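Enquirer:
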Amino acid sequence: MLTLEVITMMRQRVDFRRVLSLRQLIFVMLIAMGMMVVGAVRADDAATTAPAAGTDATATQAGPTNLQQSVKDFWFYGKVARYDLANIEGQKILSSGAQPREVLEAFEKMLDSQTTALNRQKDNLDEWMLRWANLDAMKDITAKIQDVLNQGYLTRKSDPDFIKHEIERLSVNQRAYQSAMKNLRQSGELAIPFMLDYLRDPSKAQYQAAIRLGMRDLGKYGLNALVAATYSTDGDVLVAVIDVLGDIGYDSAVPYLARVANDSSLPGGAHDAANKALARLNITAPTSVADSFYSLAEKQYYGSSSIASDTRNPMAFVWYWDSKTGLSKTDVPHTIFNDVMAMRQTEASLKAGASQSNALSLWLTANYKRQISLKEGEKDATRPANYPDANYWGVTAGASYLNDALARALKDRDSGVAMVVIGSLQQIVGQSNMLTGSGNEPLVDAMAFPDRLVRFEAAFALAAALPQKAFTGQERVVPLLGEALSQTGQSSVVVIMPNQEALNALVDGLKTNGIGAVGATTSEAAIDQANNMTSIDAFIISDDMSAAEVDKLFSLGGSNPKLKGAAKIIMVKTEASPYMQRAISDPIMSVTLAKDAAGLKIAIPEAMKRAGTLNLNTDVGTKYALRSGALLEKLAISRGQVLDISAAKVSLLSALNDARPEVVKLAGQTLGLINDKDAQSALLGKASDDKTADDVKISLYGSLATSAKFFGNQLDEPGVKTLSGIVESAQNLDVRSAAAEARGALNLPAEQAKSLVIGQSKN
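Using numbering that gives the first Met the number 0, read the sequence shown as starting at 0 and increasing by one per residue.
Encoded structure:
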């Protein structure tokens, strides 16, 4: 192929010697020759990537698919933007019956075939697949093919034969080493056991120098397996592992190296190697094995350790060393990897002589978190089938360690862990141990936690202990029980907007959507409204409110234990709002572009989750209401404790109008134990209401009788007449009998007592 300039000159029969110098002539000829070579390359490339001659890309598959040709055709049509044809070829690949690894290798072979003497740069598979995945016309087929390719990568990188082949290629030459390392990095920690097996085998000596270098070049990918290999007692293997850990430079290896350096049962060469490796990690002073393992366990628990699960794999690997078989792994879900490793590291700390309670408390915390992080159907294969649950270990350890675990969960704002730790405390806490622990009073602190369920559980634990001595924060317990009594599972919010008409419309809309809502036009009024509510989940604030008014609301709410955990949702008009930036660093604050109740119904639970508040449903709300009612009754019966049951009076009176009969009965039973005139009047009023079910009436009259027995008659004259009327005329004889019991317990004066007998007389 000649250049256009050369062809033109030839057509014009120009004498090259007159027009061009010798240097120019040589230059033009070289260009022409280059174009001829490029033309040949392009033809070769077209033959490799274009559809086979005579192939009808739109035809349906009539027989076994030629996988290699379909891959070439898919690639060609995708690159030339014939997405309709690329989709057809992609479907042929998927229906070919080929294994994922075969499909992967077909793509790699196709890409390798593109390279020529003049074209060393082949297409990047991942880049093109990502590009097509973002095109509507190809995203579906691309996602399916990418899934097959990922399965192919996974199958190949975990294949022992593949790994061994790549390990042996490390010793061929530098080019083979680089190619093999690329593949071994895909295998990651899965390659380490085979590398160590080669190091332990005298017949593999020719590979061992390159393997040591390869383990170092795996870097972080091999770290998880390498630290487990420090438990080897094979001196040669151990020294090799130690040298690698010192070279790759991750400080997470320090406790493992320190353990080797201090283990007198290991050979001196291992001690020397460990000390040198520690020096390369800038650890020159004597290192406490117990302390260093505890420090690592804390990092591991918070996910900041360089020992991490490889998320390229569907499961995480926990490695163990066996003197006979070498390294072996147990697969666990990625979500619990850090918890399992933190438990192992705290165990190592305790074995090394840790005397502080922190290690045991951290082990308990990690164990709780491990357990609650497992999804339905998942299991932790590192534990035997009959392994006791986390609660068993918590209650066995005792209140002091559980309080420390709770203090950590509160500091971390981890509602899930806090809930289960408090659940264990409730089983063993009492007057003597409810506030024990190395921290300040975590159960008391938990009553101010943002998540209301954590607050409830902490109050339940303290109330059930029936404390006999005053303690800081005791005034929060009974109000929290009252708040729990009122839980229905319905979200409760306060809306703050400057325009009363818009405010009313939004509040009405929220109520229609099943959300308990009240409104206010100022921050002070909003706080008053929230304080009058039995519970508050969120403040919804229009950005039409002035910034000063919003800040005042945040300040007032933040100083109120009941309100400071409520989510703050700012309704913004655009994403340019300054509240967008504030919300990034403040988990209690959320922003939403929602303008109506339907949009807010979605935004409220999302904001609550961001604020660390667990959402309630009807069943959970009822469970808390009943538990609270039972505890309030227990406190009322046990009058010797320091908790003032009267603080729940308003909640108890409101509960008499609850739609759930069980809650009404419990509230009545507690009110019957409170020396209060309003309690007797309320019990009578609800019991005498025609709309009240008969079984509830009977229970409430029984509670009224209890109140009268303890505190005497506190009903006024109209109340006595109402009760007497029920005794005389109620259709249900069981209701009449219960009312009669209540009337008799009032111990009425003779004039009032005889009226009932006289009233029924016919003479």
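Note that CB positions come from ideal geometry on N, CA and C, so glycine has one too.
Fair warning: this is a prediction, and the values are worked out from it, not measured in the lab.
Among G718, S702, T310 and D196, whose alpha-carbon lies nearest the alpha-carbon of S680?
Expert: As a first step, residue 680 is located in the sequence shown; it is residue number 681 there, counting from the start. Ranking G718, S702, T310 and D196 by Cα distance to S680 puts G718 first.
Enquirer: The ligand SAH and Y391: does any heavy atom of the ligand fall closer than 7 angstroms to the residue's C-beta?
Expert: Ligands are entirely absent from the displayed structure, and the ligand SAH is therefore not among its contents.
Enquirer: DSSP three-state label for M34, please.
Expert: On the sequence shown, position 35 is the one that residue 34 refers to. In this prediction, M34 scores a pLDDT of 47, lower than 50, which makes its location untrustworthy; the coordinate-derived value is nonetheless stated afterwards. Looking at M34 - three-state DSSP - the assignment turns out to be helix.
Enquirer: Flag this pair as yes or no: are the beta carbons of G245 and K275 separated by less than 8 angstroms?
Expert: Here residue 245 refers to the residue found at position 246 when the sequence shown is read from its first residue. Here residue 275 refers to the residue found at position 276 when the sequence shown is read from its first residue. In this structure, K275 lies closer than 8 angstroms to G245 by Cβ.
Enquirer: State the Cα-Cα distance for the pair E605 and G557, rounded to the nearest angstrom.
Expert: Your numbering for residue 605 matches position 606 in the sequence shown. Your numbering for residue 557 matches position 558 in the sequence shown. For E605 and G557, the distance between alpha carbons rounds to 20 angstroms.
Enquirer: Going by DSSP, what residue range makes up the beta strand (DSSP E) through D321?
Expert: Taking the first residue of the sequence shown as position 1, residue 321 is located at position 322. Per DSSP, the unbroken beta strand (DSSP E) holding D321 starts and ends at A315 to D321.
Enquirer: Bridge partners of G518, per DSSP?
Expert: As a working note, residue 518 is residue 519 in the sequence shown. Beta-bridge partners assigned by DSSP to G518: V494.
Enquirer: Could you give the distance in angstroms between the alpha-carbon of L745 and the alpha-carbon of V662?
Expert: Here residue 745 corresponds to residue number 746 of the sequence shown, with the count starting at 1. Here residue 662 corresponds to residue number 663 of the sequence shown, with the count starting at 1. Going from the Cα of L745 to the Cα of V662 covers about 25 angstroms.
Enquirer: Quick check: what's the CA-CA separation for S287 versus A257?
Expert: The count along the sequence shown starts at 1 and reaches residue 287 at position 288. The count along the sequence shown starts at 1 and reaches residue 257 at position 258. Roughly 8 angstroms separates the two Cα atoms.
Enquirer: Look up T511 in the DSSP assignment and say whether it is helix, strand or coil.
Expert: Taking the first residue of the sequence shown as 1, we reach residue 511 at position 512. It is helical.
Enquirer: Use the C-beta contact count for I535: other C-beta atoms within 10 angstroms, 16 or more gives buried, fewer gives exposed.
Expert: The residue you call residue 535 lines up with position 536 of the sequence shown. Per the 10 Å Cβ criterion, buried.
Enquirer: Report the rounded CA-to-CA distance for P313 versus D643, giving the unit in angstroms.
Expert: Taking the first residue of the sequence shown as 1, we reach residue 313 at position 314. Taking the first residue of the sequence shown as 1, we reach residue 643 at position 644. Just so you know, the alpha carbons of P313 and D643 end up roughly 54 angstroms apart.
Enquirer: Near K143, which residues of its chain fall below 7 angstroms by C-beta distance, leaving aside the five closest residues on each side in sequence?
Expert: Walking along the sequence shown from the start, residue 143 turns up at place 144. Cβ within range, chain order: L93.
Enquirer: On the DSSP bridge list, what partners appear for F538?
Expert: Taking the sequence shown and counting its residues from 1, the one referred to as residue 538 is at position 539. Paired residues: V493 and K567.
Enquirer: Can you say whether E165 is buried or exposed, counting buried as having 16 or more other CB atoms within 10 angstroms of its CB?
Expert: Along the sequence shown, read from residue 1 onward, the residue named residue 165 stands at position 166. Result: buried.
Enquirer: Give me, in chain order, the residues of the same chain whose beta-carbon lies closer than 8 angstroms to that of L747; leave out the 5 immediate sequence neighbours on both sides.
Expert: The residue labelled residue 747 in the question sits at position 748 within the sequence shown. Counting only Cβ-Cβ distances below 8 angstroms, and skipping sequence neighbours, we find N712 and V719.
Enquirer: Taking three-plus beta-carbon pairs below 8 angstroms as touching, is the region 130 to 148 in contact with the region 81 to 92?
Expert: yes
Enquirer: Does the beta-carbon of F709 have 16 or more other beta-carbons within 10 angstroms, so that it is buried, or is it exposed?
Expert: By 1-based counting over the sequence shown, the position of residue 709 is 710. Exposed, by the Cβ-count rule.
Enquirer: Check the DSSP bridge columns for V590 and list the partner residues they point to.
Expert: In the sequence shown, counting from the first residue as 1, residue 590 sits at position 591. Beta-bridge analysis with DSSP links V590 to I569.
Enquirer: Taking Cβ to Cβ, would you say V236 is nearer than 8 angstroms to L265?
Expert: One-based indexing of the sequence shown puts residue 236 at position 237. One-based indexing of the sequence shown puts residue 265 at position 266. By the CB criterion at 8 angstroms, V236 and L265 fall outside the cutoff.
Enquirer: Just curious, the beta strand (DSSP E) that V331 is in, first and last residue?
Expert: Along the sequence shown, read from residue 1 onward, the residue named residue 331 stands at position 332. Note, V331: beta strand (DSSP E), G325 to V331.
Enquirer: Look at I495 and V419 and say whether their C-beta atoms are less than 8 angstroms apart.
Expert: One-based indexing of the sequence shown puts residue 495 at position 496. One-based indexing of the sequence shown puts residue 419 at position 420. No, the Cβ-Cβ distance between I495 and V419 is not below 8 angstroms.
Enquirer: Under 8 angstroms between the Cβ atoms of A136 and Y82?
Expert: If you number the sequence shown from 1, residue 136 lands on position 137. If you number the sequence shown from 1, residue 82 lands on position 83. In this structure, Y82 lies closer than 8 angstroms to A136 by Cβ.
Enquirer: Going by CA-CA distance only, name the one from D444, W318, I247 and S186 that's closest to T154.
Expert: As a position in the sequence shown, residue 154 is number 155, starting the count at 1. For the residues D444, W318, I247 and S186, the minimum Cα distance to T154 belongs to S186.
Enquirer: Got a sec? Which residues, its chain only, sit under 8 angstroms from G268 by beta carbon, not counting five neighbours each side?
Expert: Here residue 268 refers to the residue found at position 269 when the sequence shown is read from its first residue. Excluding residues within five positions, the ones whose Cβ falls inside 8 angstroms are G234 and V238.
Enquirer: To which residues of the same chain is F292 closer than 6 angstroms at the C-beta, ignoring the five residues directly before and after it?
Expert: Numbered from its first residue, the sequence shown carries residue 292 at position 293. Once the five neighbours on either side are set aside, the close Cβ partners of F292 are P254, Q344, A347 and S348.
Enquirer: Note down the Cα distance separating S178 from G213, rounded to an integer number of angstroms.
Expert: As a first step, residue 178 must be located in the sequence shown, where it is residue number 179. As a first step, residue 213 must be located in the sequence shown, where it is residue number 214. Taking the straight line from one Cα to the other gives about 12 angstroms.
Enquirer: Short of 8 angstroms in beta carbon distance, which residues of its chain neighbour L651, apart from the five on each side in sequence? Order them along the chain.
Expert: Position 652 of the sequence shown, counted from the start, is the residue given in the question as residue 651. So the qualifying residues of the chain are G481, L484, L631, A666, T669, L670, I673 and A678.
Enquirer: Could you tell me whether the Cβ atoms of L103 and L148 are closer together than 8 angstroms?
Expert: Taking the first residue of the sequence shown as 1, we reach residue 103 at position 104. Taking the first residue of the sequence shown as 1, we reach residue 148 at position 149. For L103 and L148, yes; Cβs fall inside 8 angstroms.
Enquirer: Tell me the DSSP secondary structure of L217 in three-state form.
Expert: Taking the first residue of the sequence shown as position 1, residue 217 is located at position 218. In the structure shown, L217 falls within a helical segment according to DSSP collapsed to helix, strand and coil.
Enquirer: Quick check: what's the CA-CA separation for V453 versus S414?
Expert: As a working note, residue 453 is residue 454 in the sequence shown. As a working note, residue 414 is residue 415 in the sequence shown. Their backbone Cα atoms lie some 7 angstroms apart in a straight line.
Enquirer: Does the count of Cβ pairs from the region 509 to 524 and the region 561 to 569 closer than 8 angstroms reach three?
Expert: Counting Cβ pairs under 8 angstroms, fewer than three are found: no touch.
Enquirer: Please state whether DSSP places D262 in a helix, a strand or coil.
Expert: Numbered from its first residue, the sequence shown carries residue 262 at position 263. For D262, the secondary structure class from DSSP, reduced to helix, strand or coil, is coil.
Enquirer: Would you say the region 293 to 302 touches the region 334 to 344, given that touching needs at least three Cβ pairs under 8 angstroms?
Expert: yes
Enquirer: What is the DSSP secondary structure of R382, counted as helix, strand or coil?
Expert: On the sequence shown, residue 382 is found 383 positions in, with the first residue counted as 1. Coil at R382, not helix or strand.
Enquirer: Is it right to say I526 is buried, meaning 16 or more other beta carbons lie within 10 angstroms of its own, or is it exposed?
Expert: Here residue 526 refers to the residue found at position 527 of the sequence shown. By the neighbour-count rule (16 or more Cβ atoms within 10 Å), I526 is buried.
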